[in-house]
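So that you can map any letter, position 425 of the sequence shown is 425 in the working numbering, and since no number is skipped, the others follow by simple counting.
Read the structure below first, then the notes.
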Amino acid sequence: MDPNPTVTDPNPTVMDPNPSVADPTPTSFPILSQVMDALPASLTRSFTTTADDDSGVEKPPSPEPHFEISEKMPDIRNPELVAAMRDAVNDVAESRSVLEALGPRPDHETVDLARSRMSEIDAYETAGESGEVMKDYKACKAVIELDEMHESYQKMLEDAEKRLERIHDAAVAGDDAAADVDAEEYEEGEEEEYEDYEEAEEVKAEMMNEEVAAILKAAEAGKKPIEKVDLSGRKLKILPEEFGTLNLLIVLNLSYNKLEWIPDSVAGLENLEELILVANLLESLPDSIGLLENLKMLNVSSNKLAALPDSICHCRSLEELDASFNKLTYLPTNLGHELGNLKRLRVQLNKIRSLPTSIVEMKSLRLLDVHFNELHTIPQTIGKLTNLETLNLSSNFSDLTDLPETISDIISLKELDLSNNQIHALPNTFGRLLNLTKLKLDGNPLEIPPASVAAAGVDAVMAYMTKRWVDMLMDVDDEKSMLFVKEEEDEGLLSRGASWFRTVVTVLGGFGQSDADRHLDQEY
1 MDPNPTVTDP NPTVMDPNPS VADPTPTSFP ILSQVMDALP ASLTRSFTTT
51 ADDDSGVEKP PSPEPHFEIS EKMPDIRNPE LVAAMRDAVN DVAESRSVLE
101 ALGPRPDHET VDLARSRMSE IDAYETAGES GEVMKDYKAC KAVIELDEMH
151 ESYQKMLEDA EKRLERIHDA AVAGDDAAAD VDAEEYEEGE EEEYEDYEEA
201 EEVKAEMMNE EVAAILKAAE AGKKPIEKVD LSGRKLKILP EEFGTLNLLI
251 VLNLSYNKLE WIPDSVAGLE NLEELILVAN LLESLPDSIG LLENLKMLNV
301 SSNKLAALPD SICHCRSLEE LDASFNKLTY LPTNLGHELG NLKRLRVQLN
351 KIRSLPTSIV EMKSLRLLDV HFNELHTIPQ TIGKLTNLET LNLSSNFSDL
401 TDLPETISDI ISLKELDLSN NQIHALPNTF GRLLNLTKLK LDGNPLEIPP
451 ASVAAAGVDA VMAYMTKRWV DMLMDVDDEK SMLFVKEEED EGLLSRGASW
501 FRTVVTVLGG FGQSDADRHL DQEY
């Protein structure tokens with residue numbers, strides 16, 4: 001059994017989370033961007049012009065849509081379908097406008113800290129005890145409310161985008177029925193068609209479930225302990241609660257099925273070491289997964305996970321975690337504090353904007369893959385990952401613009417991929433990565449080192465950065481030397497002045513030296 005199927009056999013049906021960047025071809029992704037670009041301005045309205053506008057100025061009615069759109073999108077001719085598309089476009093435009101007006105969304109770690117601080121204040125402080133405390137409380141509350149607003153409008157945006165895609169797909173498919181109804185009615189018709197398909201699949205799934213029933217029956221008989229179960233590719237939709245009774249199970253592979261949820265009873269698999277859930281329809285994991293104290297490998301790649309449960313941090317025996325090809329926007333705040341045995345962390349192809357600062361506490365970490373996310377910053381203390389050997393930060397595109405100087409402290413680093421970002425310069429101490437054997441820098445607007453040096457390979461880059469650092473140190477030494485010489489010259493001048501003064505005092509002493517003169521002579 002391949003413990004990491006996404007590396008050697010990625011699920012071809014998984015949608016790229018950033019298709020407009022990675023693969024802009026309309027055949028590989030629903031053409032939301034194409035629709036938005038092709039629609040005339042008359043089909044969209046400004047977010048600021050709403051029905052709630054109380055300015056008192058009567059506004060002219062919105063113009064009827066122009067149908068020159070048929071030149072760019074000939075599939076969309078029916079006025080009813082255009083009207084439905086207009087509503088969807090308006091919803092998309094307004095949601096985007098609100099999200100832009102809200103500004104950057106607080107990262108998960110900041111929100112967690114705000115919640116923790118509010119709970120602390122609620123538990124130990126009184127409302128009138130301190131103005132500073134209440135100010136702190138209100139600030140934390142504002143952070144949480146901003147995050148909730150982002151969450152709400154992001155959901156509205158996603159729903160509107162999906163609706164727009166469905167309407168366009170209906171037009172392309174020549175669905176006349178859909179052309180006579182609005183977007184909501186079309187969605188209902190689509191669901192009915194899906195239900196018919198599901199009924200046909202249900203018969204197949206029930207036949208497959210016989211295998212599950214046989215496993216449970218064998219376990220109940222207790223004639224032979226069941227330590228390994230492989231139910232991959234069985235089109236399973238449900239994992240029975242009774243599976244939690246297989247407490248001797250060590251390996252469970254449920255990959256390439258249609259599971260939408262995992263029962264809480266999974267906590268009963270107290271001896272489980274490997275859990276493989278690749279390519280299902282999971283949108284969340286149960287909190288009870290944190291009770292799997294012996295779990296060493298968890299692979300939940302190619303699902304629809306929006307977040308990992310905080311309880312996953314309690315799986316302290318975990319050595320490998322693969323959550324790639326999902327919809328993650330963050331990782332649990334305490335991930336690094338509690339998963340001290342983790343060696344391989346793969347979270348590529350998600351929408352993660354920042355890594356939790358605790359990740360630098362993973363002293364056992366050997367591989368960290370966060371490529372194709374939305375990272376805009378790297379923890380400043382990343383140099384504490386001194387045992388890290390492979391680091392992939394590629395394809396964060398316009399979000400990742402620089403690296404912390406401490407990355408040069410990862411002395412065990414052998415492979416580093418920084419391609420397809422917006423990095424202008426490598427850290428000055430980059431030449432300290434003496435064990436680096438593989439380095440990718442293409443797709444960056446590099447100035448330091450120059451593109452010609454970067455193209456020459458890792459040895460050329462390391463030689464350039466090492467020489468640059470040595471030259472900088474020599475320049476600093478030269479400045480220090482000049483300063484030292486100047487100080488010596490100043491001290492020499494003072495010394496010569498003091499000697500001359502003593503000579504004068506001595507000569508004058510021949511003419512009758514006073515006690516005050518002797519004291520002055522002793523001072524010099």
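Positions of the beta carbon are idealized from the N, C-alpha and C atoms, including for glycine.
In the DSSP assignment, what are the bridge partners of residue i?
i: Leu391; result: Leu368, Leu416
i: Met297; result: Glu274, Glu320
i: Asp230; result: Asn253
i: Ile411; result: According to DSSP, Ile411 bridges with nothing at all.
i: Ile448; result: Ala425
Three-state secondary structure (DSSP) at residue i?
i: Glu320; result: strand
i: Lys224; result: coil
i: Leu259; result: coil
i: Asn271; result: coil
i: Val89; result: helix
i: Lys141; result: helix
i: Ala279; result: coil
i: Ser219; result: One detail in the question is off: residue 219 reads as Ala in this sequence, not Ser. Ala219 falls in the helix class under three-state DSSP.
i: Ala306; result: coil
i: Leu289; result: According to the sequence displayed, residue 289 carries Ile and not Leu. In the structure shown, Ile289 sits in a helix (DSSP, three-state: H, G or I).
i: Ile167; result: helix
i: Asp402; result: coil
i: Leu433; result: coil
i: Asn209; result: helix
i: Glu374; result: coil
i: Ile352; result: coil
i: Leu362; result: Per the sequence shown, residue 362 should be read as Met rather than Leu. Residue state, collapsed to three classes: coil.
i: Cys315; result: coil
i: Ser95; result: helix
i: Lys155; result: helix
i: Ser284; result: coil
i: Lys135; result: helix
i: Gly244; result: helix
i: Ile238; result: coil
i: Arg105; result: coil
i: Gly443; result: coil
i: Lys327; result: coil
i: Leu385; result: coil
i: Pro79; result: helix
Hey, is residue i's beta-carbon within less than 8 Å of any beta-carbon in chain B?
i: Ser116; result: Protein chain content of the structure displayed is limited to a single chain, and chain B is not contained in it.
Hey, would you say the C-beta of residue i is under 7 Å away from at least one heavy atom of the ligand ZN?
i: Tyr124; result: Among the ligands in the structure shown, none appear at all, so the ligand ZN cannot be discussed.
Return the Cβ separation of residue i and residue j in integer angstroms, given the expectation that the two are a contact with Cβ distance under 8 Å.
i: Lys351; j: Asn373; result: 6 Å
i: Leu246; j: Ile226; result: 6 Å
i: Glu270; j: Met297; result: Not really, about 16 Å apart at Cβ, beyond 8 Å.
i: Ser408; j: Gly383; result: 7 Å
i: Leu321; j: Leu345; result: 5 Å
i: Ile312; j: Pro332; result: 6 Å
i: Met462; j: Leu436; result: 7 Å
i: Leu562; j: Lys237; result: The requested residue 562 does not occur in the structure, where the chain is confined to residues 1 to 524.
i: Ala267; j: Ser301; result: Ala267 to Ser301, Cβ: 22 Å. No contact.
i: Leu385; j: Ile410; result: 6 Å
i: Arg234; j: Asn257; result: 6 Å
i: Asp107; j: Ser354; result: 5 Å
If you follow the beta strand (DSSP E) that residue i is in, where does it begin and where does it stop?
i: Val251; result: 251–253
i: Arg115; result: Looking at the DSSP string, Arg115 is not in any beta strand (DSSP E); the run it does join, the alpha helix (DSSP H), is 108–124.
i: Leu335; result: Looking at the DSSP string, Leu335 is not in any beta strand (DSSP E); the run it does join, the alpha helix (DSSP H), is 335–338.
i: Leu439; result: 438–440
i: Leu345; result: 344–346
For the alpha helix (DSSP H) containing residue i, name the first residue and the last one.
i: Val453; result: 451–455
Would the region 386–396 count as touching the region 141–150 if we require 3 or more Cβ pairs under 8 Å?
With contact defined as three or more Cβ pairs closer than 8 Å, the region 386–396 and the region 141–150 are not in contact.
Using 8 Å as the Cβ pair cut-off and three pairs as the minimum, do the region 81–101 and the region 129–140 touch?
no
Counting Cβ pairs, one atom from each stretch, are 3 or more of them under 8 Å apart for the region 110–127 and the region 83–92?
no
Quick test of the definition: if touching needs 3 or more C-beta pairs under 8 Å, does the region 311–331 touch the region 281–293?
yes
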